[in-house]
Amino acid sequence: MNKHINENIQAKLDRRKARRASLFDKDLIKIAGKRAAVMLKPWVMARNPVMFITEIGAAVTTLVLVLDMINNSGTFLYTLAVTIILWLTVLFANFAEAMAEARGKAQADTLKRTRSKTMARRVINGAEKQAGSDELREGDIVRVAAGEIIPGDGEVIEGAASVDESAITGESAPVIREAGGDRSGVTGGTRVLSDQITVRITVGAGESFLDRMIALVEGSVRQKTPNELALIVTLAGMTLAFLMVTGTLWPIGRYYAVNLPIPTLIALLVCLIPTTIGALLAAIGLAGMDRALSANVLAKSGKAVELAGDVDTLLLDKTGTITMGNRQATEYYPLSGVTWERLAEAAMYASFGDQTPEGKSIVMLGEERLGFKSPRETSDAKVIPFTAQSRMSGIDLPDGRFYRKGAPDSVKAYILKQNADIPATLQETVDGIARQGSTPIVVTDRKNVLGVVALSDILKPGMQDRFKRLRAMGLRVVMVTGDNPLTAAAIAEQAGVDDFIAEATPEDKLEYIRKEQRGGRLIAMMGDGTNDAPALAQADIGVAMNSGTQAAKEAGNMVDLDSDPTKLIEVIEIGKQLLITRGALTTFSIANDVAKYFAIIPAMFVLAIPQLAALNIMKLSTPQSAILSALIFNAIIIPLLIPIAIKGVKYRPMGADGILRRNLLVYGLGGVVTPFIGIKLIDMALSLTGIF
Numbered sequence: 002m003n004k005h006i007n008e009n010i011q012a013k014l015d016r017r018k019a020r021r022a023s024l025f026d027k028d029l030i031k032i033a034g035k036r037a038a039v040m041l042k043p044w045v046m047a048r049n050p051v052m053f054i055t056e057i058g059a060a061v062t063t064l065v066l067v068l069d070m071i072n073n074s075g076t077f078l079y080t081l082a083v084t085i086i087l088w089l090t091v092l093f094a095n096f097a098e099a100m101a102e103a104r105g106k107a108q109a110d111t112l113k114r115t116r117s118k119t120m121a122r123r124v125i126n127g128a129e130k131q132a133g134s135d136e137l138r139e140g141d142i143v144r145v146a147a148g149e150i151i152p153g154d155g156e157v158i159e160g161a162a163s164v165d166e167s168a169i170t171g172e173s174a175p176v177i178r179e180a181g182g183d184r185s186g187v188t189g190g191t192r193v194l195s196d197q198i199t200v201r202i203t204v205g206a207g208e209s210f211l212d213r214m215i216a217l218v219e220g221s222v223r224q225k226t227p228n229e230l231a232l233i234v235t236l237a238g239m240t241l242a243f244l245m246v247t248g249t250l251w252p253i254g255r256y257y258a259v260n261l262p263i264p265t266l267i268a269l270l271v272c273l274i275p276t277t278i279g280a281l282l283a284a285i286g287l288a289g290m291d292r293a294l295s296a297n298v299l300a301k302s303g304k305a306v307e308l309a310g311d312v313d314t315l316l317l318d319k320t321g322t323i324t325m326g327n328r329q330a331t332e333y334y335p336l337s338g339v340t341w342e343r344l345a346e347a348a349m350y351a352s353f354g355d356q357t358p359e360g361k362s363i364v365m366l367g368e369e370r371l372g373f374k375s376p377r378e379t380s381d382a383k384v385i386p387f388t389a390q391s392r393m394s395g396i397d398l399p400d401g402r403f404y405r406k407g408a409p410d411s412v413k414a415y416i417l418k419q420n421a422d423i424p425a426t427l428q429e430t431v432d433g434i435a436r437q438g439s440t441p442i443v444v445t446d447r448k449n450v451l452g453v454v455a456l457s458d459i460l461k462p463g464m465q466d467r468f469k470r471l472r473a474m475g476l477r478v479v480m481v482t483g484d485n486p487l488t489a490a491a492i493a494e495q496a497g498v499d500d501f502i503a504e505a506t507p508e509d510k511l512e513y514i515r516k517e518q519r520g521g522r523l524i525a526m527m528g529d530g531t532n533d534a535p536a537l538a539q540a541d542i543g544v545a546m547n548s549g550t551q552a553a554k555e556a557g558n559m560v561d562l563d564s565d566p567t568k569l570i571e572v573i574e575i576g577k578q579l580l581i582t583r584g585a586l587t588t589f590s591i592a593n594d595v596a597k598y599f600a601i602i603p604a605m606f607v608l609a610i611p612q613l614a615a616l617n618i619m620k621l622s623t624p625q626s627a628i629l630s631a632l633i634f635n636a637i638i639i640p641l642l643i644p645i646a647i648k649g650v651k652y653r654p655m656g657a658d659g660i661l662r663r664n665l666l667v668y669g670l671g672g673v674v675t676p677f678i679g680i681k682l683i684d685m686a687l688s689l690t691g692i693f
């Protein structure tokens with residue numbers, strides 16, 4: 002057992018080390034450096050039109066360099082400098098993307114250490130047979146006891162156990178996984194700490210949650226988001242436009258009797274096209290998914306992360322999301338003429354068919370209050386199981402007692418079908434319990450209503466403060482629950498949500514989301530149960546809890562590994578940070594062109610058109626020095642901005658106007674001023690060499 006604990010601690014430390022590794026960790030730099038060189042292949046570079054043009058320019062200047070060497074040209078040193086700088090520009094761009102990939106793969110390597118081959122006890126016709134985890138198929142049944150590794154993703158169909166999920170979530174606190182509720186989902190690679198559970202495997206070998214997680218972290222299935230594609234098209238259009246402009250400068254130069262060297266024209270082209278954002282665009286997208294995983298959220302696509310930044314309505318399932326999860330039976334409310342002992346015993350009998358945590362809590366409360374173990378049904382008793390449709394459970398005993406318990410409206414319908422009267426005090430009792438924020442469960446014996454059992458919800462700590470933060474970000478929070486309106490209103494008021502949907506069926510949730518989407522809103526939904534799956538699939542952002550059912554995790558486009566409903570705040574902040582970072586660096590990249598224009602254009606034509614010297618406001622020393630200074634600055638600004646691209650611009654809750662003003666002030670103005678300073682300093686350094 003100590004060995005297992007040490008392994009878990011080491012896995013947790015490895016995972017946190019991978020997450021918190023320095024941006025310029027030596028091992029990551031080595032990996033990224035090699036990858037940057039490999040990515041120079043033209044068919045790889047063609048994915049990024051801006052940098053592909055830059056690579057072509059570098060190849061052309063290399064050819065010119067060879068010709069200058071053969072012809073012993075006096076411009077050899079200048080062409081050499083331009084060539085080196087252009088290749089460095091391409092390598093720096095590849096390095097930015099490779100660095101983001103390397104950080105993701107470092108996380109993936111840590112995850113792979115949790116995916117070793119595990120032996121499983123597969124149950125076939127009641128007998129156990131040993132099998133490797135890679136041999137398991139969907140639908141197989143396995144038993145897992147304390148100290149054993151769960152061999153694959155699945156659903157607990159029998160038993161309850163404490164499970165250590167630190168290898169997946171990085172958190173050391175064990176969690177309870179049990180059959181019959183929304184906390185039945187288990188993940189392969191996690192360890193059972195106590196008791197024994199029977200698990201039905203829900204995915205085949207190689208298709209587990211951990212396998213998909215590793216693939217996604219490595220970026221092998223990452224697709225560009227719509228905004229990213231739109232920006233790529235825009236950058237490609239700008240590149241084409243500047244390519245045409247640069248191409249016309251050669252005949253213009255000939256007209257003014259100015260011989261413009263090909264390296265100079267290429268240098269101008271590379272400085273004017275948006276190389277900065279073109280170089281960092283892929284790294285920004287990869288880093289968005291990486292930051293999501295660092296927050297213990299698995300995003301199934303970059304699009305999901307990006308859309309999170311635009312969400313304006315958030316739907317949260319109450320039970321297990323806003324509240325602690327399982328409601329607990331807390332009090333009996335017998336009707337007139339009924340003792341609480343009779344009500345408690347009837348409620349215990351009626352809960353035999355309810356294997357949900359709520360049903361079990363009713364039995365536990367009865368045992369605690371009555372002081373003895375619950376009675377057991379006999380073989381000739383008929384158990385009525387609880388279903389989401391009937392919202393009732395019960396038992397028919399051979400002595401003529403027919404116990405039922407369930408939601409008030411369901412029990413009322415059951416009584417009315419028997420042509421019996423409903424006590425006048427029942428509704429008053431139900432309403433009183435509901436106003437307290439508890440859930441009323443009505444108990445009957447045949448046609449006789451015995452009383453009500455109160456199930457209480459407990460809010461998760463800090464929910465009100467979290468909802469205030471969401472509202473500050475411009476989000477509207479809506480609670481969804483199957484409870485009656487009175488109970489829902491009480492919980493909504495305690496939690497501080499903006500609105501609620503009571504007595505919600507899966508169809509109600511789905512219709513609400515569709516209605517909001519028809520109104521032009523982007524909806525985020527968080528849930529953990531199978532009944533949440535349709536809504537999770539329909540929502541623009543569907544976040545499933547890792548502790549929830551497999552159906553919920555399959556339906557959502559994100560999975561919260563910590564099963565923390567307030568994690569949506571971090572998800573949305575990451576999405577907004579991704580959009581802001583891309584916008585900020587795009588603004589900076591375009592603003593850079595202003596300074597480069599004042600550096601290169603006068604240098605190219607000042608001999609033929611002396612009046613252009615007025616544009617040399619930076620007082621650059623020589624034409625060659627001006628061109629090289631702009632080109633060097635264009636190259637070195639890329640690695641300098643890698644930390645911003647990967648870590649992201651810090652997000653502060655503010656409106657779109659505020660974000661735009663900040664971008665223009667910091668990155669727009671900064672994008673103009675910084676290159677003026679940088680180019681001038683580089684020019685001064687080049688002047689000191691006396692070469693240019």
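All you need for my numbering is the position in the sequence shown, starting with 1, plus 1. Heads up, the beta-carbon is just placed ideally off N, CA and C, and yes, glycines get one too. Source: prediction; values computed, not measured.
Cβ-based neighbour list, residue i, same chain, cut-off 6 Å, excluding 5 preceding and 5 following
i           : result
residue 352 : 360, 363 and 364
residue 366 : 330
residue 478 : 315, 468, 471, 498 and 499
residue 273 : 243 and 594
residue 592 : 669, 672 and 673
residue 686 : none
Beta-carbon spacing of residue i, residue j below 8 Å
i           : j           : result
residue 192 : residue 164 : yes
residue 296 : residue 573 : no
residue 37  : residue 96  : yes
residue 62  : residue 83  : yes
residue 266 : residue 241 : no
residue 582 : residue 396 : no
residue 94  : residue 33  : no
residue 199 : residue 144 : yes
residue 279 : residue 230 : no
residue 336 : residue 409 : no
residue 659 : residue 589 : no
residue 492 : residue 445 : no
residue 79  : residue 625 : yes
residue 669 : residue 634 : no
residue 161 : residue 180 : yes
residue 647 : residue 288 : yes
Host alpha helix (DSSP H) of residue i (start-end)
i           : result
residue 59  : 50-72
residue 350 : 341-351
residue 634 : 624-648
residue 670 : 670-690
residue 385 : That residue, residue 385, is in no alpha helix (DSSP H); its beta strand (DSSP E) goes 383-385.
residue 150 : Segment: none, residue 150 is in no alpha helix (DSSP H) and carries neither H nor E.
Residues near residue i by beta carbon distance below 8 Å, same chain, minus five either side
i           : result
residue 689 : none
residue 312 : 476, 523, 524, 525, 541, 542, 573 and 576
residue 137 : 121, 123, 143, 152, 153, 202, 205 and 206
Terminal residues of the beta strand (DSSP E) in which residue i lies
i           : result
residue 159 : 155-165
residue 500 : 500-502
residue 403 : 403-407
residue 440 : 439-446
Nonlocal neighbours in the same chain, by C-beta distance under 7 Å from residue i, ignoring five residues either side
i           : result
residue 513 : 502
residue 70  : 77
residue 509 : 502
residue 496 : 323, 460, 464, 465, 468 and 480
residue 305 : 542, 558 and 559
residue 691 : none
residue 65  : 80, 263 and 264
Cβ-heavy atom distance, residue i to the ligand FAD, below 7 Å
i           : result
residue 527 : Although the ligand FAD was asked about, the structure shown includes no ligands whatsoever.
Any chance you could list the beta strand (DSSP E) runs of at least 3 consecutive residues sitting entirely within the stretch 554-602, in chain order?
559-561
Would the stretch 449-464 count as touching the stretch 428-441 if we require 3 or more Cβ pairs under 8 Å?
yes
Counting only runs that start and end within the stretch 450-496, where is the beta strand (DSSP E) found for 3 or more residues in a row?
477-481
Start-end ranges of the alpha helix (DSSP H) lying completely within the stretch 239-288, minimum 4 residues:
263-273
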